[in-house]
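Report on one structure; see the data block that follows.
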Ligand code: ATP
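In the numbering used here, the protein residues as written are 0 to 299.
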């Protein structure tokens, strides 16, 4: 049995001479909400298309579910959900379910209820707000009880209330329906509130994969040391067994996972003759962490 629900190995897609996705090894566990984060053009959609089977990889492999689990289903919302504006939500859902060969009126009504669109079934989807269209798009992806849901930028362009609603839907699907979910966005702050694992992608490469706990640690728990000698600060930290640190600038080092040892660090630095300008405990915002990571400054 595979250790991961979804795993890719050296997955790549080349358009012309350019790699849209370049040797990506992604790891999604059962029950995860996997947040795929990256700026526009990073390769998120292309990666999701290959995982869903909508695009053929140039190189590499996708392993989805284990050998014994071939009956499991995947639900996908990638790019525009493709609504027929002259039909209502039910008619749109029915059309899609029939095409998939899984039409079941009760299931469709349950989904519309779940995504909050069963109230006004007279309304044509051409008159829907962006938030309603996104919710219907998620509804499409839910047809046929999928076990694994792939949602490409479902919060893109939504107002704060719309974002909160989609977030709640995702959490509910994950907790109540035990769905494993992969969701992409270019806003870490938003995914930070739902995802259990994060993959940061830039220029087609997966530059970092980390758990919610690791992200929290990177953002919140650090000792900031401003001194005249980064080199000796590093040696001191190493000597204390603290290996998670990052040189931020010519005079600043951040050390992670050692907040409770700040007094000891300070003492050791003084003993080694390091002139400390400032030492203290601080945190960083998710967005700053993300931008630093994109700049190649991820902590080791
Ligand atoms: P966005 O958030 O803007 O949708 P993304 O992270 O989803 O971006 P992709 O849409 O996967 O990124 O695009 C990755 C790169 O591949 C981009 O440079 C894009 O121009 C290119 N690309 C995507 N699809 C094609 C295609 N069919 N033909 C040629 N190039 C493509």
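By construction, the Cβ of each residue, glycine as well, lies at the ideal position given by its N, Cα and C atoms. Just so it is clear, the structure is predicted and the values come from calculations on it, not from any experiment.
Kindly list the residues whose CB is nearer than 6 Å to the CB of residue i, restricted to its own chain and excluding five residues on each side of it in sequence; keep chain order.
i	result
residue 82	91, 124
residue 183	35, 43, 151, 152
residue 71	64, 146
residue 47	77, 149, 151
residue 210	196
residue 29	4, 179
residue 73	145, 147
residue 174	none
For the alpha helix (DSSP H) that contains residue i, what are its first and last residues?
i	result
residue 166	159-175
residue 96	88-99
residue 300	No answer is possible for residue 300: the residues shown for the chain start at 0 and end at 299.
residue 271	No alpha helix (DSSP H) contains residue 271, which DSSP labels as neither H nor E.
residue 354	Nothing can be reported for residue 354: it is not among the residues displayed for the chain, which extend from 0 to 299.
residue 4	Neither: residue 4 is in no alpha helix (DSSP H) and is coded neither H nor E.
residue 287	285-293
Counting only the same chain and skipping the five closest in sequence on each side, list residues whose C-beta sits under 8 Å from that of residue i.
i	result
residue 114	134, 135, 137, 138, 141, 168
residue 107	89, 92, 93, 96, 142
residue 298	Low confidence applies to residue 298: its pLDDT is 42, below 50, so where it sits in the model is not reliable, and the reading given next is rough at best. Excluding residues within five positions, the ones whose Cβ falls inside 8 Å are 217, 243, 244, 245, 253, 255.
residue 274	226, 227, 228
residue 261	222, 278, 279, 280
residue 101	142, 143
residue 265	275, 278
Quick one: what's residue i bridged to in DSSP?
i	result
residue 147	73, 179
residue 20	12
residue 114	Per DSSP, none; premise fails for residue 114.
residue 156	Bridge partners of residue 156: none, in fact.
residue 34	182, 197
residue 279	223
residue 105	BP columns for residue 105 are empty, so no partner.
residue 123	87
On the DSSP letters alone, give me the boundaries of the beta strand (DSSP E) that residue i sits inside.
i	result
residue 139	From DSSP, residue 139 is part of no beta strand (DSSP E) but of the alpha helix (DSSP H) over 129-140.
residue 78	No beta strand (DSSP E) holds residue 78; DSSP gives it neither H nor E.
residue 63	58-63
Is residue i close to the ligand ATP? I mean its beta-carbon at under 7 Å from any heavy atom of the ligand.
i	result
residue 43	yes
residue 39	yes
residue 58	no
residue 314	Any question about residue 314 goes unanswered here, given that the chain covers just 0 to 299.
residue 208	no
residue 33	no
residue 144	no
residue 102	no
residue 19	yes
residue 289	no
residue 188	no
residue 201	no
residue 171	no
residue 14	yes
residue 237	no
Only counting the same chain, and skipping five residues up and downstream in sequence, which positions put a Cβ closer than 7 Å to that of residue i?
i	result
residue 283	218
residue 57	11, 12, 13
residue 231	271, 273
residue 121	87
Fully enclosed by the segment 178-259, which beta strand (DSSP E) runs are 3 residues long or longer? 179-184, 196-201, 204-210, 221-226, 244-248, 251-255
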